[in-house]
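These notes concern the structure reproduced below.
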Amino acid sequence: MLAVVQLENHVCEMSAQVEAARAERQALVAAAAKNILRIEEELSAQVCHPQQQMDKAKAEMKSRESELLKEIEVLQPLVRPTSLDIQRVKNALAMARENLAQEANALSQLRTEVEDLRRQIPGPSPP
């Protein structure tokens with residue numbers, strides 16, 4: 047009879063340990079999920095800021111390009127631009143477009159790196 051009581055006590059102790067381990071696992075999974083969400087938010091913020099800068103730079107470039115074209119239209123009848131002047135304007139526009147393309151490429155690379163980092167972050171495992 048004593049052996050049965052001891053076995054029942056041992057089973058109760060083991061059940062309590064299993065429940066404690068489950069509770070600890072759930073707490074760890076919840077903490078890991080919160081950390082993953084925080085990291086994803088930080089990564090998204092890091093991508094968002096360069097995207098906003100890129101959008102602003104595009105808008106400013108288009109606005110400046112429109113201003114330059116309007117100035118050229120106004121000045122063209124007054125002054126006959128030389129081919130060198132026209133080439134300078136074309137070169138400036140080409141350089142602005144190239145800079146914008148480089149910024150777009152850098153943003154694309156940043157997005158790829160963020161996605162790579164997101165894939166490296168382990169997701170919470172199901173309970």
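When we follow my numbering, the leftmost residue of the sequence shown carries the number 47, and every step to the right adds one. For glycine and all other residues, C-beta sits at the position ideal for the given N, C-alpha and C.
Item: Coil, strand or helix - residue 47 by DSSP; Value: coil
Item: Beta-carbon proximity list for residue 104, same chain, < 7 Å, skipping 5 on both sides; Value: 146
Item: Residue 168 - DSSP class collapsed to helix/strand/coil; Value: coil
Item: As assigned by DSSP and simplified to three states, the class of residue 134; Value: helix
Item: Own chain, CB closer than 7 Å to residue 107, minus 5 neighbours either side, in chain order; Value: 142 and 146
Item: Local conformation of residue 114 per DSSP, three classes; Value: helix
Item: C-alpha gap between residue 97 and residue 122, whole angstroms; Value: 37 Å
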